[in-house]
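*Asks:*
There are 2 protein chains.
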Amino acid sequence: MAAVTIQCCAPIAREPLSETDAAELAVLLKAVADPVRLRLLSMIGSHAGGEACVCDLTDAFDLTAPTISHHLKVLRTAGLIDGDRRGTWVYYRIIPEVVNKLGAAFAPLTEPAPNLELTPV
Amino acid sequence: MAAVTIQCCAPIAREPLSETDAAELAVLLKAVADPVRLRLLSMIGSHAGGEACVCDLTDAFDLTAPTISHHLKVLRTAGLIDGDRRGTWVYYRIIPEVVNKLGAAFAPLTEPAPNLELTPV
DNA sequence: TCACTGATTAGAGATATGTCAAATCAGCAT
DNA sequence: ATGCTGATTTGACATATCTCTAATCAGTGA
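In structure tokens form, the structure reads like this:
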């Protein structure tokens, strides 16, 4: 490991973000920068089968159906999830390539993060 | 926790985020979900020496000094950066541990990962 | 066709956010 | 002290966001 001065952590912190890259990333981040939408995304992504029914999601919150619908639309518009109707119900699933963009921007690609550890299982 | 069905990508998508975790993460994400603040964070992190003078930052934008100051405050309040005055100038630097939390949430621990697991310590 | 359930859209109201001009604070140097 | 430059705070304004109710759309089944 030659003595390259490693700044710190994320790609974002290794080279100045271009104006357009910043604008693009911000769209994704805005979509995700809300507790309800974070939980929705998380629930959809971790749901068995890789998709979740809106009916399941709505029940998990103290919010009205239209509000959940609104948040799902924000996530969908940002390209983070996609959904389709099957009969009476609508199912949503994550679009991994887009979610990964977030990870790529902030991924600590260097020495193990101070409070995280990669362990064999 | 052995051989759990790996859904797709980020930790966020592997298990439903708790309400408090979501709220906490959202604070960080809100701070970062703005093109100007993304670029500020990026410029600070990638600046030689690991820190950047406000004077340098201000010049890079078509915004007034108070506006830049406001954005820096948002980042600082979220705990992503810290700054101190040295004489006439104020210098900001990234707090890697906090920035890494973003990476940890969305890190695509995919391909080389079938038998690796991200565990908090 | 009509009623019923699940989901989205439309519209409204309260709150939050991004920006600026003006005022203020902090150091430095006449 | 006085003034000068760099940075922050304050106050205001326009816009965006989050939530709700009411209305509408989509499918199913009597």
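Chains as they are written, first to last, in the UniProt record's numbering: chain S, 1 to 121; chain U, 1 to 121. All C-beta atoms, glycine included, are put in the ideal place defined by N, C-alpha and C.
(1) Residues in the same chain with beta-carbon distance under 7 Å from residue 125 of chain S, minus the five sequence neighbours each way, listed in chain order, please.
(2) With DSSP as the reference, identify every bridge partner of residue 87 of chain S, one or two as the case may be.
(3) Decide if residue 18 of chain S is buried, meaning its Cβ has at least 16 other Cβ atoms within 10 Å, or exposed.
(4) Would you call the CB atoms of residue 40 of chain U and residue 72 of chain U closer than 8 Å?
(5) If we cut at 8 Å on Cβ distances, does residue 45 of chain S have a partner in chain U?
(6) Quickly, what does DSSP pair residue 82 of chain S with across the bridge? List them, please.
(7) By Cβ distance, which residues of its chain are closer than 7 Å to residue 38 of chain U, with the 5 residues on each side in sequence left out?
(8) Can you find a CB in chain S that lies within less than 8 Å of the CB of residue 30 of chain U?
(9) Using a Cβ-Cβ cut-off of 8 Å (strictly less than) and excluding sequence neighbours within five positions of residue 95 of chain U, which residues of its own chain qualify?
(10) Quick one: list the residues of chain U neighbouring residue 14 of chain S, beta-carbon separation under 9 Å, in chain order.
(11) For residue 103 of chain U, decide whether its Cβ has a neighbour in chain S, counting only Cβ atoms nearer than 8 Å.
(12) Put residue 103 of chain S into one of helix, strand or coil per three-state DSSP.
(13) Mind pulling the chain S residues with CB within less than 8 Å of residue 33 of chain U?
(14) Going along chain S, which residues have a C-beta under 8 Å from residue 39 of chain U?
(15) Between residue 94 of chain S and chain U, is the shortest Cβ-Cβ distance under 8 Å, so that the two count as touching?
(16) Flag residue 11 of chain U as yes when its Cβ comes closer than 7 Å to any non-hydrogen atom of the ligand NAD, and as no otherwise.
(17) For residue 26 of chain U, report the span of its alpha helix (DSSP H) as first-last.
(18) Just the C-alpha distance for residue 2 of chain U and residue 84 of chain U, rounded to the nearest angstrom, thanks.
(19) What did DSSP end up calling residue 10 of chain U once you bin it into helix, strand or coil?
(20) Can you tell me the Cβ-Cβ gap for residue 44 of chain S and residue 76 of chain S, rounded? I've got them flagged as a contact below 8 Å.
(21) Taking the alpha-carbon positions, what's the residue 26 of chain U to residue 52 of chain S distance?
(22) If you reduce the DSSP assignment to three classes, tell me which class residue 140 of chain S lands in.
(23) Cβ of residue 99 of chain U less than 8 Å from any chain S Cβ?
*Replies:* A quick look at the data gives this:
(1) Outside the displayed range of chain S (1 to 121) lies residue 125 of chain S, so it cannot be described from this structure.
(2) What you label residue 87 of chain S is simply residue 87 of the first sequence in a count that begins at 1. Bridge partners of residue 87 of chain S: none, in fact.
(3) Reading the first sequence from its first residue, position 18 is the one you call residue 18 of chain S. An exposed status is given to residue 18 of chain S, since fewer than 16 other beta-carbon atoms sit within 10 Å of its beta-carbon.
(4) Locating residue 40 of chain U in the second sequence gives position 40, counting from the first residue. Locating residue 72 of chain U in the second sequence gives position 72, counting from the first residue. For residue 40 of chain U and residue 72 of chain U, yes; Cβs fall inside 8 Å.
(5) As a working mapping, residue 45 of chain S is identified with position 45 in the first sequence. Closer than 8 Å to some Cβ of chain U, the Cβ of residue 45 of chain S qualifies, so yes.
(6) The count along the first sequence starts at 1 and reaches residue 82 of chain S at position 82. Paired residue(s): S/93.
(7) Along the second sequence, read from residue 1 onward, the residue named residue 38 of chain U stands at position 38. Result list for residue 38 of chain U: 32, in chain order.
(8) As a working mapping, residue 30 of chain U is identified with position 30 in the second sequence. Chain S, which has a Cβ nearer than 8 Å to the Cβ of residue 30 of chain U, makes this yes.
(9) Here the question's residue 95 of chain U lines up with position 95 in the second sequence. Contacts found: 79, 80, 81 and 82.
(10) One-based indexing of the first sequence puts residue 14 of chain S at position 14. By Cβ distance, chain U contributes 42, 45 and 46.
(11) If you number the second sequence from 1, residue 103 of chain U lands on position 103. Closer than 8 Å: yes.
(12) In the first sequence, counting from the first residue as 1, residue 103 of chain S sits at position 103. Three-state result, residue 103 of chain S: helix.
(13) Residue 33 of chain U sits at position 33 when you count from the first residue of the second sequence. Correct list: 26, 29, 30, 32 and 33.
(14) Here residue 39 of chain U refers to the residue found at position 39 when the second sequence is read from its first residue. By Cβ distance, chain S contributes 16, 17, 19 and 22.
(15) Numbered from 1 along the first sequence, position 94 holds the residue referred to as residue 94 of chain S. Chain U, which has a Cβ nearer than 8 Å to the Cβ of residue 94 of chain S, makes this yes.
(16) Because no ligand of any kind appears in the structure shown, any question about the ligand NAD cannot be addressed here.
(17) For this step, residue 26 of chain U is matched to residue 26 along the second sequence. Here the alpha helix (DSSP H) through residue 26 of chain U covers 19-32.
(18) For the purposes of this step, residue 2 of chain U is identified with residue 2 of the second sequence, where counting begins at 1. For the purposes of this step, residue 84 of chain U is identified with residue 84 of the second sequence, where counting begins at 1. In this predicted model, residue 2 of chain U has a pLDDT of only 48, less than 50, meaning its place in the structure is not dependable; the value taken from the coordinates is given anyway. Taking the straight line joining both Cα atoms gives about 46 Å.
(19) On the second sequence, position 10 is the one that residue 10 of chain U refers to. Residue state, collapsed to three classes: coil.
(20) Counted from its first residue, the first sequence places residue 44 of chain S at position 44. Counted from its first residue, the first sequence places residue 76 of chain S at position 76. Between residue 76 of chain S and residue 44 of chain S the Cβ distance is about 11 Å, and since that is not below 8 Å, they are no contact.
(21) Stepping through the second sequence from its first residue, residue 26 of chain U is reached at position 26. Stepping through the first sequence from its first residue, residue 52 of chain S is reached at position 52. When rounded, the distance between both Cα atoms is 22 Å.
(22) With chain S represented from 1 up to 121, any question about residue 140 of chain S goes unanswered, as that position is not in the structure.
(23) For the purposes of this step, residue 99 of chain U is taken as residue 99 along the second sequence, with counting starting at 1. Chain S contact via Cβ: present.
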